[in-house]
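> Have a look at this one before I ask anything.
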Amino acid sequence: MANSDRMNDNNSYSYLLLAGVLGLAIYFASQALQNLFWHPLSSFPGPKLGTLTRFYKAYIDGSPSKSFVHALKEFHGKYGDVVRVGPNELHFSDPSAYFDIYNPSNRWDKEETLYHSFGEDRSSFGFLTYKEAKERRDLLARRFSKKAVHEVQDIVQEKVEELCASFERNCKTGPINLFYAFRCMSTDVITYLCFGKSIDAVHAPKHEAPIVKAMDASLAAFVCFKHSPLYKNMIMKCPPNLSKIISPATAGLVDLQVLLRKQIEEITNDPSELAKLPHSQTVYHELLSPEAYHSGTVPSSESLYEEAQALLFGGADTTGTTLMHGSFYILTLSDVYRRLKAELLQAWPDLDQPPRLSVLEKLPYLTAVIKESMRMSPGVASPLPRVVPAAGATISGKFVPGGTVVEMSSQFVHRNESVFEKPNDFIPDRWMGDNGQRLDKWLVNFSRGPRQCLGRELAWAELYLCFAHVYRRFDLTIHSSSPKALEFRDCFLPDYIGPHLRADLSPVAA
Numbered sequence: 001m002a003n004s005d006r007m008n009d010n011n012s013y014s015y016l017l018l019a020g021v022l023g024l025a026i027y028f029a030s031q032a033l034q035n036l037f038w039h040p041l042s043s044f045p046g047p048k049l050g051t052l053t054r055f056y057k058a059y060i061d062g063s064p065s066k067s068f069v070h071a072l073k074e075f076h077g078k079y080g081d082v083v084r085v086g087p088n089e090l091h092f093s094d095p096s097a098y099f100d101i102y103n104p105s106n107r108w109d110k111e112e113t114l115y116h117s118f119g120e121d122r123s124s125f126g127f128l129t130y131k132e133a134k135e136r137r138d139l140l141a142r143r144f145s146k147k148a149v150h151e152v153q154d155i156v157q158e159k160v161e162e163l164c165a166s167f168e169r170n171c172k173t174g175p176i177n178l179f180y181a182f183r184c185m186s187t188d189v190i191t192y193l194c195f196g197k198s199i200d201a202v203h204a205p206k207h208e209a210p211i212v213k214a215m216d217a218s219l220a221a222f223v224c225f226k227h228s229p230l231y232k233n234m235i236m237k238c239p240p241n242l243s244k245i246i247s248p249a250t251a252g253l254v255d256l257q258v259l260l261r262k263q264i265e266e267i268t269n270d271p272s273e274l275a276k277l278p279h280s281q282t283v284y285h286e287l288l289s290p291e292a293y294h295s296g297t298v299p300s301s302e303s304l305y306e307e308a309q310a311l312l313f314g315g316a317d318t319t320g321t322t323l324m325h326g327s328f329y330i331l332t333l334s335d336v337y338r339r340l341k342a343e344l345l346q347a348w349p350d351l352d353q354p355p356r357l358s359v360l361e362k363l364p365y366l367t368a369v370i371k372e373s374m375r376m377s378p379g380v381a382s383p384l385p386r387v388v389p390a391a392g393a394t395i396s397g398k399f400v401p402g403g404t405v406v407e408m409s410s411q412f413v414h415r416n417e418s419v420f421e422k423p424n425d426f427i428p429d430r431w432m433g434d435n436g437q438r439l440d441k442w443l444v445n446f447s448r449g450p451r452q453c454l455g456r457e458l459a460w461a462e463l464y465l466c467f468a469h470v471y472r473r474f475d476l477t478i479h480s481s482s483p484k485a486l487e488f489r490d491c492f493l494p495d496y497i498g499p500h501l502r503a504d505l506s507p508v509a510a
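Counted from 1, the sequence shown has number 395 at position 395 by full-length UniProt numbering; the numbering is strictly sequential.
So this is what it looks like as structure tokens:
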């Protein structure tokens, strides 16, 4: 009798398990049919797996040799200008679509999956709505305006000169790793301007600053965070020492996070600490001023920390990689190198009298080189997703229903042959004269619209000063000219997978 009861119980459990499996199968099958045939986006073409599930993107991002932004080129070649890349997601390739999505008059929300994958939800970068972000962005804009950047140009120049001094110290012992060196400089600039003290990354042996290497190592983790919020929360909410054990590659980043949290806690607990900072124009001075907010209340220490992390990643990486990409082409194209050196020598005849930023901004060929470097650099590699408002919108001549996630990578503007002749060639002359003014509209490395990059004026200043100082103070030859140095995976920011760009440098006599 007892055996019979146990058999009946086992059968009941088996039936329940079978019913559960069948129920899940029916649910997923119905979702698949809904996505394929009855979804509002069912008329848009795209890969079938992408139509069925958002985890198709996770599969692509998980590949060691491929990433989503590269897959998009294949998709558009097969399906046309508009591709359904997810169940509720469209990517566009027609350049005009960029200005429909990232239009200054749009107040479209950011999409949560990407923007909440960095642990910066309560920052100017991570706020999803325009309304949430506006007050913080308006506040920060005062420190990153063109006028404010010109006021602190001596600080930027000081960090560039420290980079050049490190080149002089190290160039006799072998080639310089430009991949690390430029990003060390941009890291030192943003940390000093934002937090009142520099990381001093340019002084690291071989420019292999732990924080720069840690930021690189963290990029793959952000991809995992995007597709698995559970993993993100586990890493972000664990005690620092435990996080290092779980994910050793992010140890340097965890140490930086601890430093930032400690510094912010000290200042929020005792605002008099502000008086101890080296200068009175830091971002902290704005963020910690109650008068700067409509509510009269300073944000929480957690929000201030997340803002600090967002500013660090946003300010350190893209400028450094633009300098690296530009240098690759300058050093492999002898005519570009010669013309840039000649213009800098004419504008800066005495090495002991470096020109001001306002002078460099008027140099036509240097400006053209910078613009072409921006165009050829991936900047932020990923498309920046936005949510179409409830009423829907017309994008590139096609009506898109409300609630749809829409996006476009800047690569599809910068490498479009209908806008840029020979788009894969580095041609600074395209930016000269009247034709250059026409093309300015299509330079979208800082994005466009009300959520475009806050630090664009600072980036311009760093690029002018760094290109000018490095190519005026040194003669450079590329140590290895493989284009593999520019290969990357899309981890929101580019994760470079090829050999690092290195150059042999020698200081000029005069």
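The beta-carbon is built from N, C-alpha and C at its ideal position, and this holds for glycine as well.
(1) Report the residue from Ala71, Ile101, Leu52 whose alpha carbon sits nearest the alpha carbon of isoleucine 395.
(2) Quick one, which of Arg473, Ala316, Leu274, Val298 has its alpha-carbon nearest leucine 340's?
(3) Here's a check: name, in chain order, each residue in its chain whose Cβ is nearer than 6 Å to the Cβ of arginine 456, leaving out the five neighbours to either side.
(4) Spatial neighbours of serine 301 within its chain, please: C-beta separation below 8 Å, excluding the five flanking residues on both sides.
(5) May I have the straight-line CA-CA distance separating arginine 136 from threonine 332, to the nearest angstrom?
(6) Let me know the secondary structure DSSP gives residue 519 once reduced to three states.
(7) Could you tell me which residues DSSP puts in a beta bridge with proline 494?
(8) Between leucine 277 and proline 299, what straight-line distance do the alpha-carbon atoms span, to the nearest angstrom?
(9) Taking the beta carbon of lysine 226 as the centre, do at least 16 other beta carbons fall within 10 Å, making it buried, or is it exposed?
(10) Between the segment 406–413 and the segment 470–485, are three or more C-beta pairs nearer than 8 Å?
(11) Under the rule that 16 or more other beta-carbon atoms within 10 Å means buried, what is glutamine 437, buried or exposed?
(12) Do the segment 420–429 and the segment 68–83 meet, that is, are 3 or more Cβ pairs less than 8 Å apart?
(13) Taking only runs that begin and end inside the segment 360–412, name each unbroken alpha helix (DSSP H) of 4 or more residues, in chain order.
(14) Leaving out five residues before and five after leucine 357 in sequence, what residues of the same chain have Cβ atoms less than 7 Å from its Cβ?
(15) For asparagine 241, which three-state DSSP category applies?
(16) Just checking my contact of threonine 322 with methionine 374 at CB under 8 Å: how many whole Å lie between their CB atoms?
(17) How far does the alpha helix (DSSP H) with leucine 311 in it reach, from first residue to last?
(18) Out of curiosity, what's the CA-to-CA distance linking lysine 110 and alanine 459?
(19) What did DSSP end up calling asparagine 106 once you bin it into helix, strand or coil?
(20) Alpha carbons only, please: which of Leu49, Pro494, Asp270 is nearest the one belonging to alanine 217?
(21) Give a yes or no on contact between the segment 204–219 and the segment 177–191, applying the rule of three or more CB pairs nearer than 8 Å.
(22) Please work out which residues of its chain come closer than 6 Å, Cβ to Cβ, to alanine 390, disregarding the five sequence neighbours upstream and downstream, and give them in chain order.
(23) Please report the Cβ distance between phenylalanine 488 and isoleucine 497, rounded to the nearest whole angstrom; I am assuming they are in contact, meaning their Cβ atoms lie under 8 Å.
(24) Relative to the C-alpha of serine 418, which residue among His500, Met432, Trp431, Leu439 is closest?
(25) Could you give the first and the last residue of the continuous alpha helix (DSSP H) run that contains glutamate 112?
(26) Threonine 191 lies in the alpha helix (DSSP H); which residues open and close that run?
(27) Just list the alpha helix (DSSP H) runs in the segment 67–150, keeping only unbroken ones of 4 residues or longer that don't cross its boundaries, in chain order.
(28) Inspect the beta-carbon positions of threonine 113 and proline 87 and report whether they are closer than 8 Å.
(29) In three-state DSSP terms, what is residue 511?
(30) Which class does arginine 54 belong to by DSSP, given the choice of helix, strand or coil?
(31) Can you tell which of Ser289, Phe313, Val258 has its C-alpha closest to the C-alpha of serine 272?
(32) Within a Cβ cutoff of 6 Å, which residues of the same chain sit near phenylalanine 127, ignoring the five residues on either side of it in sequence?
(33) Are tryptophan 431 and alanine 503 closer than 8 Å when you measure CB to CB?
(34) So what does DSSP say about aspartate 440, is it helix, strand or coil?
(35) Quick one: Cα of alanine 381 to Cα of leucine 219, how far?
(36) Between which two residues does the beta strand (DSSP E) containing serine 198 stretch?
From the atom records:
(1) Residue 395 sits at position 395 when you count from the first residue of the sequence shown. Closest by alpha carbon: Ile101.
(2) Here residue 340 is taken as the residue at index 340 of the sequence shown, counted from 1. Answer by Cα proximity: Arg473.
(3) Residue 456 sits at position 456 when you count from the first residue of the sequence shown. Hits under 6 Å: Phe446.
(4) Counted from its first residue, the sequence shown places residue 301 at position 301. So the list reads Arg261, Ile264, Glu265, Thr268, once near-sequence residues are dropped.
(5) Within the sequence shown, the letter at position 136 stands for residue 136. Within the sequence shown, the letter at position 332 stands for residue 332. Taking the straight line joining both Cα atoms gives about 42 Å.
(6) Here the chain comprises residues numbered 1 to 510, so residue 519 is not present and cannot be evaluated.
(7) Within the sequence shown, residue 494 is the residue found at index 494, counting from 1. In DSSP, proline 494 forms a bridge with Asp490.
(8) Within the sequence shown, numbered from 1, the residue matching residue 277 stands at position 277. Within the sequence shown, numbered from 1, the residue matching residue 299 stands at position 299. Cα to Cα, leucine 277 sits roughly 20 Å from proline 299.
(9) Numbered from its first residue, the sequence shown carries residue 226 at position 226. With at least 16 other beta carbons inside 10 angstroms of its own, lysine 226 counts as buried.
(10) no
(11) Taking the first residue of the sequence shown as 1, we reach residue 437 at position 437. Glutamine 437 should be labelled exposed.
(12) no
(13) The segment 360–412 contains these whole alpha helix (DSSP H) runs: 364–376.
(14) Counting from 1 along the sequence shown, the entry for residue 357 is found at position 357. Cβ within range, chain order: His150, Gln153, Ala461, Tyr464, Leu465.
(15) Position 241 of the sequence shown, counted from the first residue, corresponds to residue 241. Under the three-state reduction of DSSP, asparagine 241 is assigned to helix.
(16) If you number the sequence shown from 1, residue 322 lands on position 322. If you number the sequence shown from 1, residue 374 lands on position 374. Yes, they are in contact, since the Cβ atoms of threonine 322 and methionine 374 sit about 6 Å apart, within 8 Å.
(17) For the purposes of this step, residue 311 is taken as the residue at position 311 of the sequence shown. Here the alpha helix (DSSP H) through leucine 311 covers 301–332.
(18) Here the question's residue 110 lines up with position 110 in the sequence shown. Here the question's residue 459 lines up with position 459 in the sequence shown. Separation of lysine 110 and alanine 459 (C-alpha to C-alpha, rounded to the nearest whole angstrom) is 23 Å.
(19) Within the sequence shown, the letter at position 106 stands for residue 106. Note: asparagine 106 maps to coil in three-state DSSP.
(20) The sequence position of residue 217 within the sequence shown is 217, counting from 1. Comparing Cα positions, the closest option is Pro494.
(21) yes
(22) In the sequence shown, the residue the question calls residue 390 occupies position 390. If we look at alanine 390 and ignore the five residues flanking it on each side, its Cβ neighbours are Gly402.
(23) Looking up residue 488 in the sequence shown gives position 488. Looking up residue 497 in the sequence shown gives position 497. The C-beta separation of phenylalanine 488 from isoleucine 497 comes to about 6 Å, placing the pair in contact by the 8 Å criterion.
(24) To locate residue 418, count along the sequence shown from 1; it is residue 418. Minimum Cα distance to serine 418 is reached at Leu439.
(25) Against the sequence shown, residue 112 aligns to sequence position 112. Unbroken alpha helix (DSSP H) run through glutamate 112: 112–115.
(26) Translated into the one-based positions of the sequence shown, residue 191 becomes position 191. 178–195 is the extent of the alpha helix (DSSP H) around threonine 191.
(27) Within the segment 67–150, the complete alpha helix (DSSP H) segments at least 4 residues long are 68–79, 95–101, 112–115, 130–144, listed from N- to C-terminus.
(28) As a first step, residue 113 is located in the sequence shown; it is residue number 113 there, counting from the start. As a first step, residue 87 is located in the sequence shown; it is residue number 87 there, counting from the start. No, the Cβ-Cβ distance between threonine 113 and proline 87 is not below 8 Å.
(29) Only positions 1 to 510 of the chain appear in the structure, and residue 511 is not among them; the question remains open.
(30) Indexing the sequence shown from 1 puts residue 54 at position 54. Reduced to three states, the DSSP call for arginine 54 is coil.
(31) Within the sequence shown, numbered from 1, the residue matching residue 272 stands at position 272. Comparing Cα-Cα distances from serine 272 to each of Ser289, Phe313, Val258, the minimum goes to Ser289.
(32) For this step, residue 127 is matched to residue 127 along the sequence shown. Counting only Cβ-Cβ distances below 6 Å, and skipping sequence neighbours, we find Ala133.
(33) Your numbering for residue 431 matches position 431 in the sequence shown. Your numbering for residue 503 matches position 503 in the sequence shown. For tryptophan 431 and alanine 503, no; Cβs fall outside 8 Å.
(34) Along the sequence shown, one-based indexing puts residue 440 at 440. Here aspartate 440 sits in helix by DSSP.
(35) For this step, residue 381 is matched to residue 381 along the sequence shown. For this step, residue 219 is matched to residue 219 along the sequence shown. For alanine 381 and leucine 219, the distance between alpha carbons rounds to 12 Å.
(36) If you number the sequence shown from 1, residue 198 lands on position 198. For serine 198, there is no enclosing beta strand (DSSP E), as DSSP gives it neither H nor E.
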